[in-house]
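Visitor: Its first residue numbered 1, the sequence shown is counted upward by one per residue in full-length UniProt numbering.
This is the structure, below, for whatever I ask next.
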Amino acid sequence: MKNKLLETVYSPQNFQKEGHQLIDILTNHLDDKLYEKSGKAIHWNDPEDELEFWKEFLKNGDDNELFKTITDRTTYVHHPNCIGHQVTPTAPITALSGMISSLLNNGMAVYEMGMSPNAIERVVTDLLCKKIGWDEEARGFLTSGGTLANLTALLTARRTILKEDIWNNGIENPIGIMVSEEAHYCVDRAARIMGLGEKGIIKIPCTESFQMDIDILEKKHAEAISKGITIFAIIGSAPSTATGAFDDLESIGEFARKHGLWFHVDGAHGGAGIFSEKYKTTLKGIEQADSVVIDGHKMMMLPTITTALLLKNGIYANATFSQKADYLLTESDHEDWYNSGKRTFECTKTMMCIYWYTMLKRYGEEVFDAYVTQLYDMGNTFGEIIQNHTSFKLAVKPMANIVCFRYYDSKLTQIQLNNLNAKIRQLLLEDGEFYIVQTKLRGWHYLRVTVMNPFTTKEHFDKLLQKIITIGQKLNAQEPIIY
Ligand SMILES: *Cc1c(COP(=O)(O)O)cnc(C)c1O
């Protein structure tokens, strides 16, 4: 090769040398964070400063420090105090699988561009379908995230349930879906992308415990029909993101059957509960669903981004993006599961299936049971601590590993408490020892914790609460109180 630069880029020797160095950096990082040998849960920096830093680094930074600098200056999901968002601390072995995917770069859209991953994906998704409780008609595929998977499921639902050929002709008559007001915002977004508009998103109010209120489904359905809207799907959250509340999937399934609707379960977070002997009851009724979404990068220890979209009747997946309306007649005798691009929104995608397969091969499916069970247990433990604490109030008893609570002082008004909790969260972020998030529920500002790390213990919770109390008291003591 004539071009020296490209020769350097592809040098196997360079790759080996840097690879070993990188493994050392990441091993130290893991050891450091997991066992809290040094450092915080987040290295907070103002966005503008961070931007300046990376502009400057591109010009003058030490090339040899690149990997280490990226690793050091960010959010550490492997730290037991990192209990904010629902992203998993990856099982280290999957980072190694990720290297295979990145280097081999099998695009997967057609079989020849990913023979092993296409077959492996079938093995993984078949196993997930079986765990849900479906028969051999069921099929699934992996796709880039819960957001895209929910959109894809709703496209399949629309294609399957409605008589009109909207894929080819566009929307001519108003159509809609039913979904809880607590559902993840991506469902709303998917519906808008599909052209349903605001009026096509029938929001079902929740009960006290933030679950879809089953008792008003009939009324809401009838209301929509009377406005000329044809409902084609209903979505259950398992659980919803903000509070971790599971909808009653059994009742939603029954309602869907009665009205001929597609029943979709957004199990991006909690779908992995199918593996937990102790907590699979949270998903009671999931087997009635027509489609289910499960994120691997949330409750399954896999790197971002890998999501399973599973269908009770797999043949419908072939229809989603098919131009031909009579797909079932022409293609049903030749299933063609191995050309994954036919069923996914993506054309090219990563070999994401190897993360799942590596975990199954190395540790067996009991590893997912162990993980989900441990985290839900810790969610409950944290909930109990809060419930018994006079300085805190729980939003709702946790059903999973998501806990919403607020610092409480009976002398303060709602507005003061809201401002105080918002301030506490900001100070926690800037401090960085703990990383937690926040949410608004029925006008109240809540602090929100998601236990994603199996190394997070009761001692970590105690320390967090102590820290919040100290901050709260300090803010409270400041004169005048101007929250
Ligand atoms: C996280 C989440 C999503 C979005 O999934 P991404 O993988 O982040 O795109 C959708 N629904 C629920 C219930 C979630 O918790």
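Cβ atoms here follow ideal geometry from the backbone N, Cα and C, with glycine treated the same way.
Just so you know, these numbers come straight off a predicted model, no measurement behind them.
(1) Does the distance between the C-beta of S291 and the nearest non-hydrogen atom of ligand 1 fall short of 7 angstroms?
(2) Since P174 contacts K199 with CB under 8 angstroms, what's their CB separation in whole angstroms?
(3) Ordered along the chain, which non-local residues of its own chain (more than five positions away) have a Cβ less than 6 angstroms from that of Y376?
(4) Give the DSSP-derived three-state secondary structure of M359 in the structure shown.
(5) Would you list the one or two residues that DSSP bridges to K440?
(6) Label K258 either buried or exposed according to how many other C-beta atoms from any shown protein chain fall within 10 Å of its C-beta, with 16 as the threshold for buried.
(7) From L302, T143, R158, pick the residue whose C-alpha is nearest to that of V87; which is it?
(8) If I measure Cβ to Cβ from I204 and keep anything under 7 angstroms in the same chain, skipping five residues before and after, which residues do I get?
(9) Compare the C-alpha of K342 against each of L5, I83, T156 and name the closest.
(10) Nearest by alpha-carbon distance to C206: which of K361, G244, D336 is it?
(11) Can you give me the Cβ contacts of S276 inside the same chain, cut-off strictly under 6 angstroms, excluding the 5 residues immediately before and after it?
(12) What is the DSSP secondary structure of S291, counted as helix, strand or coil?
(13) By the DSSP assignment, the beta strand (DSSP E) with L394 in it spans what residues?
(14) I'd like the ranges of any alpha helix (DSSP H) spanning at least 4 consecutive residues and lying wholly in the stretch 144-230.
(15) For R365 and M359, what's the separation of their Cα atoms in angstroms?
(16) For the alpha helix (DSSP H) containing T74, list its first residue and its last residue.
(17) What residue range is occupied by the uninterrupted alpha helix (DSSP H) comprising F405?
(18) Note down the Cα distance separating Q466 from I386, rounded to an integer number of angstroms.
(19) Please list the terminal residues of the continuous beta strand (DSSP E) segment that includes L309.
(20) I'd like to know whether the C-beta atoms of A191 and V293 end up nearer to each other than 8 angstroms.
(21) What is the C-beta distance between G296 and T306, in whole angstroms, given that I count them as a contact (C-beta under 8 angstroms)?
(22) So, helix, strand or coil for V9, using DSSP?
(23) Taking the C-alpha atoms as reference points, what is the distance between L329 and G271?
(24) Using alpha carbons as the reference points, say which of V396, L420, T75, M99 lies closest to L475.
(25) In chain order, what residues of the same chain have a beta carbon less than 7 angstroms from the beta carbon of T74, not counting five sequence neighbours either side?
(26) Around the Cβ of N118, are there at least 16 other Cβ atoms within 10 angstroms (buried) or fewer (exposed)?
(27) For a test of the three-state rule: what should DSSP assign to A109, helix, strand or coil?
(28) Could you tell me which of D336, T94, G84 sits nearest to V110, measuring between CA atoms?
(29) From the DSSP output, in three-state form, read off W337 for me.
(30) Does the beta carbon of G236 fall short of 7 angstroms from some heavy atom of ligand 1?
(31) Is DSSP giving W44 helix, strand or coil here?
(32) Return no unless some Cβ of chain C is closer than 8 angstroms to the Cβ of L447.
(33) So for H20, helix, strand or coil by DSSP?
(34) Okay, do the stretch 403-416 and the stretch 8-26 touch, 3+ Cβ pairs below 8 angstroms being the bar?
Guide: Once the coordinates are examined:
(1) no
(2) P174 to K199, Cβ: 7 angstroms. Contact.
(3) Y279, A400, N401
(4) helix
(5) Paired residue(s): H445.
(6) exposed
(7) Relative to the Cα of V87, the nearest Cα in the group L302, T143, R158 belongs to L302.
(8) M178, V179, S180, E181, M212, D213, I216, L217, K220
(9) T156
(10) G244
(11) D369, V372, T373
(12) strand
(13) Secondary structure note for L394: its beta strand (DSSP E) is the uninterrupted segment 392-394.
(14) As far as the stretch 144-230 is concerned, its whole alpha helix (DSSP H) runs of at least 4 residues are 146-161, 166-169, 185-193, 217-226.
(15) Looking at the sequence itself, residue 365 is Glu, so the reference to Arg does not match. Spanning the two alpha carbons is a distance of roughly 8 angstroms.
(16) It is not in any alpha helix (DSSP H) - T74 carries neither H nor E in the DSSP assignment.
(17) From DSSP, F405 is part of no alpha helix (DSSP H) but of the beta strand (DSSP E) over 402-407.
(18) 12 angstroms
(19) Looking at the DSSP string, the run of the beta strand (DSSP E) that includes L309 is 307-311.
(20) no
(21) Cβ atoms of G296 and T306 come within 8 angstroms of each other, at about 4 angstroms.
(22) DSSP places V9 in helix when its eight states are reduced to three.
(23) For L329, the predicted structure reports a pLDDT of 45, less than 50, and the residue's modelled location is therefore unreliable. A value from the coordinates is still provided. The straight-line gap from Cα to Cα measures roughly 32 angstroms.
(24) Of the candidates V396, L420, T75, M99, the one whose C-alpha sits nearest the C-alpha of L475 is L420.
(25) H43
(26) Its Cβ being crowded by 16 or more others within 10 Å, N118 is buried.
(27) coil
(28) D336
(29) In the structure shown, W337 adopts coil according to DSSP, grouped into three states.
(30) no
(31) Of the three classes helix, strand and coil, the one that applies to W44 here is coil, per DSSP.
(32) Chain labels in this structure do not include chain C; a single protein chain is all it has.
(33) helix
(34) no
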